[in-house]
Structures are given as C-alpha cells and as structure tokens.
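The structure under discussion appears below in the form of structure tokens.
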DNA sequence: ATTATATTTGTCGCATGCGATTTAATCGCG
DNA sequence: CGCGATTAAATCGCATGCGACAAATATAAT
C-alpha cells in the first residue's frame with residue numbers, strides 16, 4: 001500500500017466526514033422541524049427570510065448558495081403552506097419577490113428555541129463549535145464569492 | 146432583537162456552513178469524478194470497497210452511514226457500469242455481497258490522484274484540514290455508533 | 001415441526017440538488 | 001428605434017437521501 005493509495009482511505013478523507021456530518025445534522029433537526037412543518041432546506045430558507053424579508057429569488061439564493069432550479073420548487077411548497085408569498089416585481093417583471101406571510105413571521109418565535117436544543121444535543125464545547133464554524137466559513141469564502 | 150432571535154441568524158449557525166460546505170465539496174469533486182464516470186456518493190462507495198472488498202450491503206452501509214433504501218439503487222447503477230457485482234450470499238440468502246470487478250479495481254489507480262487535487266484546490270493549511278477532520282469525526286462519533 | 005420474531009434487502013413516495021435548456025423581460029448599442 | 005445580448009426564473013432529467021412499508025430468509029421459542 002503506497003502513500004498515494006493511503007489518501008483514498010475513508011478515515012483519511014476530509015470530504016467524507018463533512019458529507020456524513022451534514023446528513024447527521026439534518027436528521028438531528030428533523031424532529032424539531034417536524035413540529036413546525038418545515039424540512040431542513042425549507043428551514044434554512046426561512047432563516048434567511050426572517051433576517052431579511054422581500055427578497056428576490058436570486059438574492060435569496062446568493063445567501064443560501066442555491067439556484068432557482070432548487071429554490072423555485074421549494075418556495076412553491078412554502079407558499080402552499082401559506083408561509084410565504086411569491087409575486088412578480090413591478091419594477092422588473094423578470095424578478096419574483098418572496099415575502100413572509102403573517103404565519104411565516106409568527107413561525108420565527110416557535111423556531112427560536114431550536115438552535116439551542118441542537119447545540120445541547122451536539123455535546124461539543126463552545127470553543128470547538130466556534131472553531132468548526134470559522135473553518136467552514138473560511139473554506140466557503142474561497143469559492144462562493 | 147433579543148438574544149434568542151440572534152441564534153437564528155445564518156452567520157451564527159453551525160448547521161448552515163456545514164450544509165453549504167458539503168455541497169461545495171461535491172461540486173469541487175465533480176469534474177474529477179466525471180473523468181472516471183462516478184457521482185460523488187458512488188465515489189464514496191468505491192472508496193469503501195477499495196479498502197475492503199466483498200462486503201454485505203449492510204456492512205457497506207455501516208461504514209458510509211447509508212441504508213439500503215439509498216444504497217440499493219446506487220449499487221445497481223455501479224453494477225450497470227460494470228464496476229461491481231451484486232450476488233446473494235450462499236450462507237445467508239438474505240444478504241447481498243458486493244464485489245469489485247476488474248474494472249472497478251483498476252479504477253482505483255485513476256482515482257488515486259483526486260484527493261491531492263482537491264486538497265490543493267481547497268487552499269487550507271494542513272493543520273486546518275486536520276483540525277476540521279478531527280472535529281467532524283468527534284461529532285459523528287457521538288451519534289453514529 | 002410450527003409459529004412468532006428478527007434480520008436483510010428491496011420498493012415506494014417525497015423533497016431536494018444541480019447541470020442543461022427554455023421562456024420571458026430588460027438592457028445596450030448602433 | 002430595432003435587435004442581439006444579458007438576466008431572472010422556470011422547467012426538465014437524473015441521482016441521491018430517507019421514512020415507511022413489503023418481501024424473503026433465518027432464528028428462536030414452544
């Protein structure tokens with residue numbers, strides 16, 4: 001077994017634990033999100049909208065790193081649940097503006113306890129979590145700007 | 146804006162950068178994997194098999210943290226590409242053994258350069274990458290054992 | 001031996017992700 | 001003004017992920 005093939009070992013990879021951790025976190029969120037009728041990507045979308053309402057789909061996608069081919073169907077589901085409204089911009093008929101309904105705004109209060117619950121269940125020190133977050137953003141920033 | 150709602154900000158979340166980084170890595174791998182006709186989850190599956198051949202689907206799933214509802218269709222695609230063979234175990238007809246074909250074994254050489262290419266493109270220090278990997282595995286170990 | 005239980009894989013339905021293409025609206029330039 | 005280029009969203013096709021359930025086989029209990 002030479003050095004090159006050692007790099008192919010699952011334990012040596014960085015890509016694999018990130019992939020597996022991402023899915024694990026989704027599963028950890030699920031019971032909390034079921035209670036407010038959101039999927040995980042829908043929750044991330046609502047996080048963006050709770051920060052800044054009335055966003056064009058493109059701008060929303062810039063923040064969450066998703067394009068319209070993923071967002072359009074997802075947003076139609078959120079609209080079907082009466083959490084958001086989609087309407088064409090009057091200034092530019094190409095754009096679609098996403099706005100929270102009252103139901104969507106009210107959901108923020110119910111969602112506000114979820115991050116703490118998750119942090120508790122992760123059982124890592126605050127330093128470790130901040131370290132992870134910092135490293136992740138550093139990697140993201142290299143490619144997503 | 147009280148403290149609780151601050152926790153809902155995207156920049157404060159740990160979940161979001163992990164989710165986004167995971168997808169970013171998949172996109173970074175894609176041009177390399179296109180060259181050897183593998184998708185990213187198919188590549189991870191092959192990583193496992195290059196380490197240990199002739200695995201039952203369940204054991205393969207234990208290593209990659211996927212269940213048969215995901216693996217069965219994926220493995221059928223790898224079989225269609227002649228990279229693996231699926232055959233019922235003679236000892237226990239419930240189990241299906243996954244084995245590499247010669248083509249599947251040969252692919253390891255072509256794949257062996259990919260991890261280095263990726264590490265280069267990530268442009269992080271070795272210390273940072275090891276730190277990330279360590280933290281990821283620590284989180285995974287809490288839940289996936 | 002027969003039946004109940006457990007194990008292993010497979011199927012189904014739904015919701016993403018994403019590359020490629022299409023459609024509609026706007027912009028820019030001569 | 002007219003028209004090609006650009007932009008924003010939607011659509012399409014394919015490959016995951018995963019909960020819920022079904023089917024086949026093996027094991028255990030009586």
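Chains as they are written, first to last, in this note's numbering: chain A, 1 to 145; chain B, 146 to 290. All residues carry an ideal CB built from backbone N, CA and C; glycine is no exception.
Report yes if the C-beta distance between residue i and residue j is below 7 angstroms; otherwise report no.
{"i": "residue 287 of chain B", "j": "residue 123 of chain A", "result": "yes"}
{"i": "residue 260 of chain B", "j": "residue 136 of chain A", "result": "no"}
{"i": "residue 44 of chain A", "j": "residue 57 of chain A", "result": "no"}
{"i": "residue 181 of chain B", "j": "residue 271 of chain B", "result": "no"}
{"i": "residue 278 of chain B", "j": "residue 14 of chain A", "result": "yes"}
{"i": "residue 97 of chain A", "j": "residue 84 of chain A", "result": "no"}
{"i": "residue 82 of chain A", "j": "residue 103 of chain A", "result": "yes"}
Which chain A residues sit within Cβ distance under 9 angstroms of residue i?
{"i": "residue 242 of chain B", "result": "None at all; the shortest Cβ gap to chain A is about 19 angstroms."}
Does the beta carbon of residue i sit closer than 7 angstroms to a beta carbon anywhere in chain A?
{"i": "residue 233 of chain B", "result": "no"}
{"i": "residue 176 of chain B", "result": "no"}
{"i": "residue 148 of chain B", "result": "Summary for residue 148 of chain B: the model assigns pLDDT 43, below 50, so the residue's position carries little reliability; its value from the coordinates is reported in the next sentence. Chain A contact via Cβ: absent."}
Starting from residue i, find everything on chain B with Cβ-Cβ shorter than 7 angstroms and list it in chain order.
{"i": "residue 17 of chain A", "result": "278, 281, 282 and 285"}
{"i": "residue 9 of chain A", "result": "196"}
Just the chain B side, please: which residues come within less than 8 angstroms of residue i by C-beta, in chain order?
{"i": "residue 70 of chain A", "result": "Ordered by position in chain B, no residue passes the 8 angstroms Cβ test against residue 70 of chain A, which lies about 10 angstroms from the chain."}
{"i": "residue 128 of chain A", "result": "280 and 283"}
Using a Cβ cut-off of 9 angstroms, pull out every chain B residue sitting near residue i, in sequence order please.
{"i": "residue 25 of chain A", "result": "159, 160, 163, 164 and 284"}
{"i": "residue 83 of chain A", "result": "Ordered by position in chain B, no residue passes the 9 angstroms Cβ test against residue 83 of chain A, which lies about 15 angstroms from the chain."}
Is residue i close to chain B, meaning its C-beta is less than 7 angstroms from at least one C-beta of that chain?
{"i": "residue 65 of chain A", "result": "yes"}
Within a Cβ cutoff of 6 angstroms, which residues of the same chain sit near residue i, ignoring the five residues on either side of it in sequence?
{"i": "residue 284 of chain B", "result": "none"}
Given residue i, which residues of its chain have a CB within under 8 angstroms of its CB, disregarding the five upstream and five downstream residues?
{"i": "residue 3 of chain A", "result": "Low confidence applies here, because residue 3 of chain A scores a pLDDT of 43, under 50, leaving its location unreliable; read the following figure in that light. Excluding residues within five positions, none has a Cβ falling inside 8 angstroms."}
Members of the region 95–122 of chain A that neighbour chain B once the beta carbon cut-off is set at 9 angstroms: 108, 109, 111, 112, 113, 114, 115, 116, 118, 119, 121 and 122
Could you run through the region 37–59 of chain A and flag, in chain order, every residue whose CB is less than 7 angstroms away from some CB of chain B? 44, 47, 48, 50 and 51
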